[in-house]
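Asker: One structure is given below, represented as structure tokens, and several questions about it will come after.
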Amino acid sequence: MKILKIRNLCKVYGKGETKVEALKNVSFDVEQGEFVAIVGPSGSGKSTLLHILGGVDTPTSGEVKISETDIVGLNETKLAIFRRRYIGLVYQFYNLIPILNVEENITLPILLDGKKPDRKLLHDLVEKLGLSNRLKHLPNQLSGGQQQRVSIGRALMNHPALLLADEPTGNLDTKNSKEIISLLRKFNRENNQTVIIITHDDRIALAADRVITIEDGEITRDTKGTEVSA
Ligand SMILES: Nc1ncnc2c1ncn2[C@@H]1O[C@H](COP(=O)(O)OP(=O)(O)OP(=O)(O)O)[C@@H](O)[C@H]1O
Ligand SMILES: [Mg+2]
178 MKILKIRNLC KVYGKGETKV EALKNVSFDV EQGEFVAIVG PSGSGKSTLL HILGGVDTPT
238 SGEVKISETD IVGLNETKLA IFRRRYIGLV YQFYNLIPIL NVEENITLPI LLDGKKPDRK
298 LLHDLVEKLG LSNRLKHLPN QLSGGQQQRV SIGRALMNHP ALLLADEPTG NLDTKNSKEI
358 ISLLRKFNRE NNQTVIIITH DDRIALAADR VITIEDGEIT RDTKGTEVSA
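Laid out in structure tokens, this is it:
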């Protein structure tokens, strides 16, 4: 089953001299349960693409369907609800709420949805993310890597069908980085959650089912399975 269908996606920022075509006619599908790595040079449009898939930025033109819902056509309220229920987004620069502590940041999307956080999942997640002794700390009292792990926890708390992660190990050392990737893989395998991860790390790309390369706003390679490790 296809969880994601993207057709002729274009994103233009600015006008005149500052005009940037960040995405040019990007089309692809993703199967439910796929673990996809997106790679490409800095400035090639990776974050732009992920933000549009996550419904936090809008395309200039084109279609984005997630589980048959056309998210481009949703109004803001409906989009916010859809996002909280189906999508987990790990931002390149974390986007934590500065006045909320670690536990509050992680559980916020659940509370906003009017639900009670699953205490066991919260406990397991913070344990696996190495944050158990930082639950009452504010983001500015954490290291960059710890903030990154909080943003991963927040994205995983609502059991998202689609997890979008922008360089989720960009600020982590090799050991932590490996642990995060195996955690994402575990969620992916055990719950059939679809994962799309932007990375500059070749080891992560090699561990993926599929690698999509973006250069200058266009897909230039799309390799699956055994081709990836070949
Ligand atoms: N809000 C914005 N306003 C204007 N231009 C933007 C904006 N966001 C991104 N861009 C431009 O769009 C292009 C793609 O940016 P994007 O952040 O998607 O790149 P990226 O592939 O994620 O890069 P990196 O690997 O450095 O994170 C860049 O040329 C950038 O200058
Ligand atoms: Mg980026």
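Positions in the sequence shown are counted from 1; adding 177 to them yields my numbering. Just so you know, even glycine gets a beta-carbon here, dropped at the ideal spot from N, CA and C. Please read all numbers here as calculations on a predicted model, not as lab measurements.
1) Indicate, with yes or no, if ligand 3 has a heavy atom lying under 7 Å from the CB of Asp343.
2) In the DSSP output, which residue or residues are listed as bridge partners for Gly265?
3) For a test of your reading of the model: does the CB of Gln269 fall under 7 Å from any non-hydrogen atom of ligand 1? Yes or no.
4) What separation, rounded to the nearest whole angstrom, lies between the Cα atoms of Arg380 and Val216?
5) Buried or exposed for Asp290, going by 16 or more other Cβ atoms inside 10 Å?
6) Could you tell me how far apart the beta carbons of Leu308 and Gly330 are, in whole angstroms, since I believe they sit closer than 8 Å?
7) With a CB to CB cut of under 6 Å and the five nearest residues on each side skipped, what residues in its chain are close to Lys313?
8) What is the DSSP secondary structure of Leu288, counted as helix, strand or coil?
9) Buried or exposed: where does Ser408 fall if 16 or more other Cβ atoms within 10 Å of its Cβ makes it buried?
10) Could you tell me the distance, in whole angstroms, from the CA atom of Val388 to the CA atom of Val213?
11) Looking at the structure shown, is Lys192 part of a helix, part of a strand, or coil, going by DSSP?
Answerer: Looking at the atomic coordinates:
1) In terms of ligand content, the structure shown lacks ligand 3 and carries ligand 1 and ligand 2 instead.
2) Stepping through the sequence shown from its first residue, residue 265 is reached at position 88. Gly265 is bridged to Leu340.
3) Residue 269 sits at position 92 when you count from the first residue of the sequence shown. Within the cutoff, so yes.
4) As a first step, residue 380 is located in the sequence shown; it is residue number 203 there, counting from the start. As a first step, residue 216 is located in the sequence shown; it is residue number 39 there, counting from the start. Val216 has its alpha-carbon roughly 12 Å from the corresponding atom of Arg380.
5) Stepping through the sequence shown from its first residue, residue 290 is reached at position 113. Exposed, by the Cβ-count rule.
6) Numbered from 1 along the sequence shown, position 131 holds the residue referred to as residue 308. Numbered from 1 along the sequence shown, position 153 holds the residue referred to as residue 330. With 8 Å as the limit, Leu308 and Gly330 qualify as a contact, their Cβ atoms being about 7 Å apart.
7) By 1-based counting over the sequence shown, the position of residue 313 is 136. Taken in chain order, the residues that qualify are Asn278.
8) Working through the sequence shown from its first residue, we reach residue 288 at position 111. The answer is helix: DSSP assigns Leu288 an H, G or I state.
9) As displayed, the chain neither begins before 178 nor continues past 407, which places residue 408 out of reach and without an answer.
10) Looking up residue 388 in the sequence shown gives position 211. Looking up residue 213 in the sequence shown gives position 36. Within the model, the alpha-carbon separation for Val388 versus Val213 is close to 6 Å.
11) Here residue 192 refers to the residue found at position 15 of the sequence shown. Lys192 falls in the coil class under three-state DSSP.
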